[in-house]
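*Asks:* Following this message is one structure expressed as structure tokens.
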Amino acid sequence: MSNKNNPEKIQLIDGWSFHRINYIIFFIGVLFIVFGYIIMAAGTVNSFQSLTLAPIMLFLGYIIFIPASLIYRGK
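For the sequence shown, the positions run 0 to 74 when numbering that gives the first Met the number 0 is used.
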């Protein structure tokens, strides 16, 4: 009976596995997030980089790249 359950579990695990491109996209997202926080901390309170550039980078990292790396499936 356990032999019948093993192939199903293996299929489920194989369906959730990441490929190289998923890790690359995830790493790009993490870089955007890290550099976004660094840029936000480096500028003055009312500077362009603190008010515009850093939030755009954080948005791209959190909302675009990280979910894209989780959703993307290669051919």
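Virtual Cβ for every residue (Gly too), placed ideally from N, Cα, C.
The structure presented is a predicted model; accordingly, all values stated were derived computationally and were not measured.
1. Whole-angstrom Cβ separation of residue 53 and residue 38, contact assumed at under 8 Å?
2. Out of curiosity, what's the CA-to-CA distance linking residue 60 and residue 66?
3. Taking the alpha-carbon of residue 64 as reference, which of 51, 45, 23, 16 has the nearest alpha-carbon?
4. Taking buried to mean at least 16 other C-beta atoms within 10 Å of its own C-beta, is residue 28 buried or exposed?
5. Distance check for residue 44 and residue 51, CA to CA, integer angstroms please.
6. Using only CA atoms, which one of 16, 30, 20, 18 lies nearest to residue 57?
*Replies:* The short version:
1. For this step, residue 53 is matched to residue 54 along the sequence shown. For this step, residue 38 is matched to residue 39 along the sequence shown. Yes, they are in contact, since the Cβ atoms of residue 53 and residue 38 sit about 4 Å apart, within 8 Å.
2. Position 61 of the sequence shown, counting from 1, holds the residue named residue 60. Position 67 of the sequence shown, counting from 1, holds the residue named residue 66. Approximately 9 Å between the Cα atoms of the pair.
3. Here the question's residue 64 lines up with position 65 in the sequence shown. Per the Cα distances, 23.
4. By 1-based counting over the sequence shown, the position of residue 28 is 29. Burial call: buried.
5. Taking the first residue of the sequence shown as 1, we reach residue 51 at position 52. Taking the first residue of the sequence shown as 1, we reach residue 44 at position 45. Rounded to the nearest angstrom, the two C-alpha atoms are 11 Å apart.
6. The count along the sequence shown starts at 1 and reaches residue 57 at position 58. Out of 16, 30, 20, 18, 30 has the C-alpha closest to the C-alpha of residue 57.
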